[in-house]
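Protein chains: 2
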Amino acid sequence: MSNRRTGRRRGNPDTREQILDAARHAFAERGFERATIRQIAQAAEVDPALVHHYFGSKDQLLLATIDAPFDPQEVLPGIVAGGIDGVGERLVRAFIAVWDGPGGKRGAVLLRSAVAQPLLVRLVREFFVSRVVKTALKELGSELDNGPFRATLVASQLLGLAMARYILKLEPLASAEPEAVVAMIGPTVQGYLTSPVPVEARGV
Amino acid sequence: MSNRRTGRRRGNPDTREQILDAARHAFAERGFERATIRQIAQAAEVDPALVHHYFGSKDQLLLATIDAPFDPQEVLPGIVAGGIDGVGERLVRAFIAVWDGPGGKRGAVLLRSAVAQPLLVRLVREFFVSRVVKTALKELGSELDNGPFRATLVASQLLGLAMARYILKLEPLASAEPEAVVAMIGPTVQGYLTSPVPVEARGV
Numbered sequence: 001m002s003n004r005r006t007g008r009r010r011g012n013p014d015t016r017e018q019i020l021d022a023a024r025h026a027f028a029e030r031g032f033e034r035a036t037i038r039q040i041a042q043a044a045e046v047d048p049a050l051v052h053h054y055f056g057s058k059d060q061l062l063l064a065t066i067d068a069p070f071d072p073q074e075v076l077p078g079i080v081a082g083g084i085d086g087v088g089e090r091l092v093r094a095f096i097a098v099w100d101g102p103g104g105k106r107g108a109v110l111l112r113s114a115v116a117q118p119l120l121v122r123l124v125r126e127f128f129v130s131r132v133v134k135t136a137l138k139e140l141g142s143e144l145d146n147g148p149f150r151a152t153l154v155a156s157q158l159l160g161l162a163m164a165r166y167i168l169k170l171e172p173l174a175s176a177e178p179e180a181v182v183a184m185i186g187p188t189v190q191g192y193l194t195s196p197v198p199v200e201a202r203g204v
Numbered sequence: 001m002s003n004r005r006t007g008r009r010r011g012n013p014d015t016r017e018q019i020l021d022a023a024r025h026a027f028a029e030r031g032f033e034r035a036t037i038r039q040i041a042q043a044a045e046v047d048p049a050l051v052h053h054y055f056g057s058k059d060q061l062l063l064a065t066i067d068a069p070f071d072p073q074e075v076l077p078g079i080v081a082g083g084i085d086g087v088g089e090r091l092v093r094a095f096i097a098v099w100d101g102p103g104g105k106r107g108a109v110l111l112r113s114a115v116a117q118p119l120l121v122r123l124v125r126e127f128f129v130s131r132v133v134k135t136a137l138k139e140l141g142s143e144l145d146n147g148p149f150r151a152t153l154v155a156s157q158l159l160g161l162a163m164a165r166y167i168l169k170l171e172p173l174a175s176a177e178p179e180a181v182v183a184m185i186g187p188t189v190q191g192y193l194t195s196p197v198p199v200e201a202r203g204v
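So the protein lines, in turn, are chains A and B.
Following full-length UniProt numbering, the numbering of the first sequence begins with 1 at its first residue and continues without gaps.
Following full-length UniProt numbering, the numbering of the second sequence begins with 1 at its first residue and continues without gaps.
Printed below as a string of structure tokens:
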């Protein structure tokens, strides 16, 4: 994604793959925060500068390891900027726009691969926890209790929307107009973010 | 499942697989309603009586083709029997009980396989439309407008719960007590079944 934008895709494809492979293992095993570009470069037997040259930042390298259909740091601030009111609808609308658009094919590939490959599961989890949740909670965080639990509930509904609408293609959800889906699922996401947490879920 | 219960699993494993294979293609291509045991037996080159002997009814044969983790016709009536009040919580509670229990492993296998195999996607869709939705709507149907759309919304949240809690294991949702999850997701499912459909989604 970032590579296409900046025109940096050039370079030896073997070297690129070596770096990606080293990065996948480093992120999956050590976690995104603790893995370093230096270690990844060492494992791939290249200079750290080359990793930066090919992929930009460590953030962008994580996106490249899973071929993420969108960059949460680009998409989320706009969604969250309007404040907590209506954020559920804006999030569902943006999610559908990505999946209905060219990013949808990459999202489907990612979801299909992730359920089958334990390494990729760990990477998607890192992506979700380090990038999506942290970015969103940084903006909304001060207003939310139980932030991480709320974030995983939102993720469960959005993952399920992807599965039902784009992978299993369950009708009539699969062919419904985007705004019809936003009208039904937007309030769910809004509720997960803002409804008081019932006493049974207080400690989660 | 039914076979384990009735002790009918015996018989030539090749013949069983031949029948399952023929059934998978028949259900996927013609749909559950239109496929017949007679056609399936013919394609598998066996006597129709043998299909009944191995698998029981056509319903049970469909469950066997996908190794379904539960039989909706056994589970759903109990959930729906209490009427529409609280049906969302009962459904989420039963869903978690299946996935937290021994059925969870089979559910995970099914979900992992279904996202990768188009034939299995069609079977899961048939299973969902012919068995889950019809069984549920038969009980609740008269009280619901937009039944099929509501059913796919419920499916989207339950599929997503399975993905987030059992496949990707996103924390803290993955380790949350069942009742904490019921308290948060039960009202969503209840809302999908009973909230008025907004004007944007009226035609779906």
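Yeah, the Cβ is synthetic: ideal placement off N, Cα and C, and Gly gets one too.
Nothing here was measured: the structure is a model prediction, and the numbers come from that model.
Item, Value
"Under the three-state DSSP convention, the category A/GLU179 falls into", "helix"
"Three-state secondary structure (DSSP) of B/LYS169", "coil"
"With 16 other Cβ atoms within 10 Å as the buried cut-off, status of B/LYS134", "buried"
"Rounded straight-line distance, which links the Cα of B/ASP71 to that of B/ARG106", "13 Å"
"Same chain only: Cβ atoms within 8 Å of B/VAL182, ignoring 5 sequence neighbours per side", "GLU89, VAL92, ARG93, ILE96"
"Alpha helix (DSSP H) runs contained entirely in the UniProt domain \"HTH tetR-type\" (13–73) of chain B, provided each spans 4 or more residues", "13–30, 37–44, 48–55, 58–66"
"Every unbroken alpha helix (DSSP H) within the region 127–153 of chain B, with a cutoff of 4 residues, ordered by chain", "134–140"
"C-beta atoms of B/VAL87 and B/PHE149 nearer than 8 Å", "no"
"Listed by chain order, chain A residues near B/GLU200 by CB distance under 8 Å", "GLU177, GLU179, ALA180, VAL182, ALA183"
"Any C-beta of chain B under 8 Å from that of A/PHE149", "yes"
"Chain A contact for B/ALA23 (CB, 8 Å cutoff)", "no"
"Limits of the unbroken alpha helix (DSSP H) element including B/ARG106", "103–116"
"Chain-order list of residues whose beta-carbon lies under 6 Å from that of A/ARG131 (same chain, five-residue window excluded)", "PRO72"
"Beta-carbon spacing of B/THR65, B/VAL46 below 8 Å", "no"
"The ligand ADP heavy atom lying under 7 Å from the CB of B/ARG16", "In the structure shown, the ligand ADP is absent, as is every other ligand, since no ligand is present at all."
"Exposure of A/GLY101, with buried meaning 16 or more beta-carbon neighbours within 10 Å", "exposed"
"Cβ contact (3+ pairs, closer than 8 Å) linking the region 147–163 of chain A and the region 168–181 of chain B", "yes"
"Cβ shell of A/ALA23 (< 6 Å), same chain only, five flanking positions each side left out", "ILE40, LEU61, THR65"
"Cβ pair count under 8 Å reaching 3, the region 192–199 of chain A against the region 24–35 of chain B", "no"
"Environment of A/ARG9 [buried if 16+ CB atoms lie within 10 Å]", "The predicted position of A/ARG9 is uncertain, since its pLDDT is 49 and thus under 50; a value taken from the coordinates is nonetheless stated next. Exposed is the call here."
"Contact check, B/ALA164 vs B/LEU170, beta carbons under 8 Å", "yes"
"Exposed unless 16 or more other CB atoms sit within 10 angstroms - verdict on A/ARG122", "buried"
"Under 9 Å from the C-beta of A/GLY160: neighbouring residues of chain B", "ALA155, SER156, GLN157, LEU158, LEU159, GLY160, LEU161, ALA162, MET163, ALA164"
"Integer Cβ distance of B/LEU111 from A/ARG125, believed to fall under 8 Å", "In fact, because the Cβ distance is near 17 Å, the residues do not count as touching under 8 Å."
"Contact with chain B by A/PHE128, beta-carbon distance below 8 Å", "yes"
"Alpha helix (DSSP H) segment containing A/ARG90, residue limits", "87–100"
"Which of helix, strand or coil DSSP assigns to B/PRO187", "helix"
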